[in-house]
Amino acid sequence: TSFIIKKLQSQAATQARASLNGGSGSSQGDSFLVPGATVATLLMLGVLHARRMYDEKKVKEAQGKGIECEFQPDLKATFLRLLPLRSISRCWGYLTSVEIPVWLRPHIYRAWARAFHSNLEEAALPLEEYASFREFFVRSLKEGRRPVDPDPQCLVSPVDGTILRFGEFKGPGAMIEQVKGFSYSVSSLLGASSFLPMVAEGHMGEDVDEPKNISTNKSKKSWWRISMASPKVWDPVSSRPMRGLFYCVIYLKPGDYHRIHSPVDWNILVRRHFSGNLFPVNERATRTIGNLYVENERVVLEGPWQEGFMAIAAIGATNIGSIELFIEPEFRTNQPSRRLLHSKTPEERVYDPEGVGMTLKKGDEVAAFNMG
Amino acid sequence: STVVIVFQAPVKKNGDSLSEFKFSVKRGDRIRVGEALGRWREQ
């Protein structure tokens, strides 16, 4: 603000001198309009960024005191439902794919890194080599920047991000809490045809120790056959998860590294694609948009690992609209919608009907979130 | 964007099991690719 005041004062003094000399004060006034507008825009963006950081700080402080955020739908959420978010996302993707002049690239990428706390030293290539912002966003990292924990008895994070929720499923229906007072079922997230190890409520006593029998005492092929032979239709009230079924929700901020890696040695058997909405998935959105994670477009990868069932759901958002799979390069998400209403039925692909699937090692790259 | 992982892991059972999975993170923690989310140990 002091910078603008000083600038305005010096501009006024210049104009006064120019008018005393009978010179061209008006043309100098016009020339100030462009930098003035730029400064005003930057100021506005700065204020918005500061407000967002202040809001996030308040939420973190509340969480630190043990106060849970409650679900509070607001006008903004209602308004978002009316917007053509998929078209906006695709348009954003087009804009970020435009090639940037080489001399301008480092400036833009550094500005982004400052705003969203990215570490540019980790980028695999020099900044000038990322032709577009989209390329820069999905950049890979230098070798060795993400060492994988060598402990064979650990499960590693598949992404860089912030832990939102985690825990073990215990109650009927296997629900994940979005915020206080609002939950979604894991079968809605992964799909009704998921191989989730669930048992009917009445058989809980005899089946509670079953997951090992399914996962480790039988071959991968038989695991697959069992799953195929008994398609499940869930009734969240009458079924509950077997013991030892866990979940973890991780949020990726815009400045985070946006590639997904395998958390364990894993065989991916099925890919499921839900073509849903593309709501934002930030902290505010989770508090105001109901069923956010089960309404948004997402890709689910499922298969067995040494301890049983494993699934990863990558959920898109307005700015991060498309999900790229390195294990299936021809696969595309965030396509123009052919219907006004998206079907709740996912499009499914079985990678290997023989039961082996795509074999991945712990830490291998699986997918990436793209801009738009 | 958000990622949700759902997985089975060892749990302590009455009498016969030797290991149990435990998360090694807290809510709000920042985590990076390759860092441990949780471990299971011989009891």
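Chains W and V, in that order, give the protein sequences. When you line the first sequence up against my numbering, it's residues 1 to 372, in that order. When you line the second sequence up against my numbering, it's residues 1001 to 1043, in that order. Even for Gly, the Cβ is constructed at its ideal location relative to N, Cα and C. All values derive from a computational prediction rather than experimental measurement.
Strand pairing of S185 of chain W, partner residues [DSSP] = Position 185 of the first sequence, counted from the start, is the residue given in the question as residue 185 of chain W. DSSP output for S185 of chain W lists W:M175 as bridge partner(s).
Got a sec: which bits of the stretch 288–301 of chain W sit with their beta carbon under 8 Å from any beta carbon on chain V, in order along the chain?
-> Y293
Does the Cβ-Cβ distance between F79 of chain W and F182 of chain W come in under 8 Å?
-> On the first sequence, position 79 is the one that residue 79 of chain W refers to. On the first sequence, position 182 is the one that residue 182 of chain W refers to. In this structure, F79 of chain W sits away from F182 of chain W, with a CB-CB distance that is not shorter than 8 Å.
Quick one: does D384 of chain W have its CB under 8 Å from some CB of chain V?
-> The structure shown has nothing for residue 384 of chain W, since chain W only spans 1 to 372.
Is the Cβ-Cβ distance between E348 of chain W and R272 of chain W less than 8 Å?
-> Counting from 1 along the first sequence, the entry for residue 348 of chain W is found at position 348. Counting from 1 along the first sequence, the entry for residue 272 of chain W is found at position 272. Yes; because the gap between Cβ atoms is below 8 Å, this pair is in contact.
Three-way DSSP call (helix, strand, coil) for W103 of chain W in this model | Your numbering for residue 103 of chain W matches position 103 in the first sequence. W103 of chain W falls in the coil class under three-state DSSP.
Can you name the residues of chain V whose CB is closer than 9 Å to the CB of C248 of chain W?
-> Taking the first residue of the first sequence as 1, we reach residue 248 of chain W at position 248. Result: V1003, V1004, I1005, V1006, F1007, F1023, V1025, L1037, G1038.
Please confirm whether G363 of chain W and W92 of chain W have their CB atoms less than 8 Å apart.
-> Walking along the first sequence from the start, residue 363 of chain W turns up at place 363. Walking along the first sequence from the start, residue 92 of chain W turns up at place 92. Not closer than 8 Å, so no.
State yes or no: is the beta carbon of L325 of chain W nearer than 8 Å to at least one beta carbon in chain V?
-> Within the first sequence, residue 325 of chain W is the residue found at index 325, counting from 1. Answer no: the Cβ-Cβ gap between L325 of chain W and chain V never drops below 8 Å.
Please name the residue, chosen from W:G167, W:E99, W:V148, W:K180, that lies closest to C73 of chain W on a Cα-to-Cα basis.
-> By one-based count along the first sequence, residue 73 of chain W stands at place 73. The identity of residue 73 of chain W in the sequence shown is Pro, whereas the question assumes Cys. For the residues W:G167, W:E99, W:V148, W:K180, the minimum Cα distance to P73 of chain W belongs to W:K180.
Per DSSP, what kind of secondary structure is L141 of chain W in: helix, strand or coil?
-> Your numbering for residue 141 of chain W matches position 141 in the first sequence. Shown here, L141 of chain W sits in a strand according to DSSP, grouped into three states.
Note down, in chain order, each residue of its chain lying with its Cβ closer than 6 Å to the Cβ of M358 of chain W, except the 5 sequence neighbours on either side.
-> As a first step, residue 358 of chain W must be located in the first sequence, where it is residue number 358. The residues are I268, I327, Y351.
Is Y406 of chain W buried or exposed, if buried means 16 or more other CB atoms sit within 10 Å of its CB?
-> With chain W running from 1 to 372 in the structure shown, residue 406 of chain W is simply not present.
I1005 of chain V to I260 of chain W span [Cα, whole Å] = Numbered from 1 along the second sequence, position 5 holds the residue referred to as residue 1005 of chain V. Numbered from 1 along the first sequence, position 260 holds the residue referred to as residue 260 of chain W. Distance between the alpha carbons of I1005 of chain V and I260 of chain W is about 11 Å.
For L375 of chain W, which residues of its own chain have a beta-carbon under 6 Å away from its beta-carbon, when the five flanking residues on both sides are left out?
-> An answer regarding residue 375 of chain W cannot be provided, because it is not within the stretch 1 to 372 covered by chain W.
In this structure, does DSSP put S1024 of chain V in helix, strand or coil?
-> Walking along the second sequence from the start, residue 1024 of chain V turns up at place 24. Reduced to three states, the DSSP call for S1024 of chain V is coil.
Classify S87 of chain W as buried or exposed, calling it buried when 16 or more other Cβ atoms lie within 10 Å of its own Cβ.
-> Translated into the one-based positions of the first sequence, residue 87 of chain W becomes position 87. So S87 of chain W ends up on the exposed side.
Compare the C-beta of S157 of chain W against all C-beta atoms of chain V and say whether one is closer than 8 Å.
-> Taking the first residue of the first sequence as 1, we reach residue 157 of chain W at position 157. Interface residue, yes.
Three-state secondary structure assigned by DSSP to N213 of chain W | Taking the first residue of the first sequence as 1, we reach residue 213 of chain W at position 213. Any reading at N213 of chain W needs caution, since the residue's pLDDT is 37, under 50, leaving its predicted position unreliable; the model's value is listed next. Helix.
If I'm right that D151 of chain W touches R1039 of chain V with Cβ under 8 Å, what's the distance once you round it to whole angstroms?
-> As a first step, residue 151 of chain W must be located in the first sequence, where it is residue number 151. As a first step, residue 1039 of chain V must be located in the second sequence, where it is residue number 39. Their Cβ separation, rounded to whole angstroms, is 6 Å, which keeps D151 of chain W and R1039 of chain V in contact under 8 Å.
Which first and last residues belong to the alpha helix (DSSP H) in which T288 of chain W is found?
-> Position 288 of the first sequence, counting from 1, holds the residue named residue 288 of chain W. Residues 283–288.
Could you say which of W:A311, W:R284, W:F309, W:L301 lies nearest to K58 of chain W if we only look at CA atoms?
-> In the first sequence, the residue the question calls residue 58 of chain W occupies position 58. Answer by Cα proximity: W:R284.
Given that G244 of chain W touches chain V, what residues does it touch there, using C-beta distances under 8 Å?
-> In the first sequence, the residue the question calls residue 244 of chain W occupies position 244. Result: Q1008, A1009, P1010, V1011, F1021.
Looking only at DSSP bridge pairs, what is W977 of chain V linked to?
-> Outside the modelled stretch of chain V, which goes from 1001 to 1043, sits residue 977 of chain V, for which no answer is possible.
Could you spell out where the beta strand (DSSP E) holding S322 of chain W opens and where it closes?
-> As a working note, residue 322 of chain W is residue 322 in the first sequence. 322–325 is the span of the beta strand (DSSP E), which, as asked, contains S322 of chain W.
For V366 of chain W, count neighbouring Cβ atoms within 10 angstroms of its own Cβ and tell me buried if that reaches 16, exposed if not.
-> Your numbering for residue 366 of chain W matches position 366 in the first sequence. The residue in question, V366 of chain W, is buried, as its Cβ has 16 or more Cβ neighbours within 10 Å.
Test item: CB-CB of D256 of chain W and G1034 of chain V under 8 Å = Residue mapping note: residue 256 of chain W aligns to position 256 of the first sequence, counting from 1. Residue mapping note: residue 1034 of chain V aligns to position 34 of the second sequence, counting from 1. It is not a contact, given that the beta carbons lie outside the stated cut-off.
The alpha helix (DSSP H) enclosing T78 of chain W, as first and last residue numbers = Along the first sequence, one-based indexing puts residue 78 of chain W at 78. Looking at the DSSP string, the run of the alpha helix (DSSP H) that includes T78 of chain W is 75–82.
Could you tell me whether the Cβ of R86 of chain W comes closer than 8 Å to any Cβ of chain V?
-> The residue labelled residue 86 of chain W in the question sits at position 86 within the first sequence. Taking Cβ atoms only, chain V never reaches closer than 8 Å to R86 of chain W, which makes this a no.
Reducing DSSP to helix, strand and coil, say where S1001 of chain V ends up.
-> Your numbering for residue 1001 of chain V matches position 1 in the second sequence. Coil at S1001 of chain V, not helix or strand.
8 Å Cβ cut-off: residues of chain B touching R165 of chain W = Of the protein chains in the structure, W and V, none is chain B.
For L120 of chain W, which of W:P101, W:K142, W:S132 has the nearest alpha-carbon?
-> Here residue 120 of chain W is taken as the residue at index 120 of the first sequence, counted from 1. Nearest option by C-alpha distance: W:K142.
Identity of the residue in W:F331, W:K65, W:V186 nearest N291 of chain W by Cα = The count along the first sequence starts at 1 and reaches residue 291 of chain W at position 291. Nearest of W:F331, W:K65, W:V186 to N291 of chain W, Cα basis: W:V186.
Within 10 angstroms of the Cβ of I100 of chain W, are there 16 or more other Cβ atoms? Answer buried if so, exposed if not.
-> Residue 100 of chain W sits at position 100 when you count from the first residue of the first sequence. I100 of chain W is buried by the Cβ-count criterion.
What number of angstroms, rounded off, separates the C-alpha of L85 of chain W from the C-alpha of F1007 of chain V?
-> Residue numbering aside, residue 85 of chain W sits at position 85 when the first sequence is read from its first letter. Residue numbering aside, residue 1007 of chain V sits at position 7 when the second sequence is read from its first letter. Distance between the alpha carbons of L85 of chain W and F1007 of chain V is about 31 Å.
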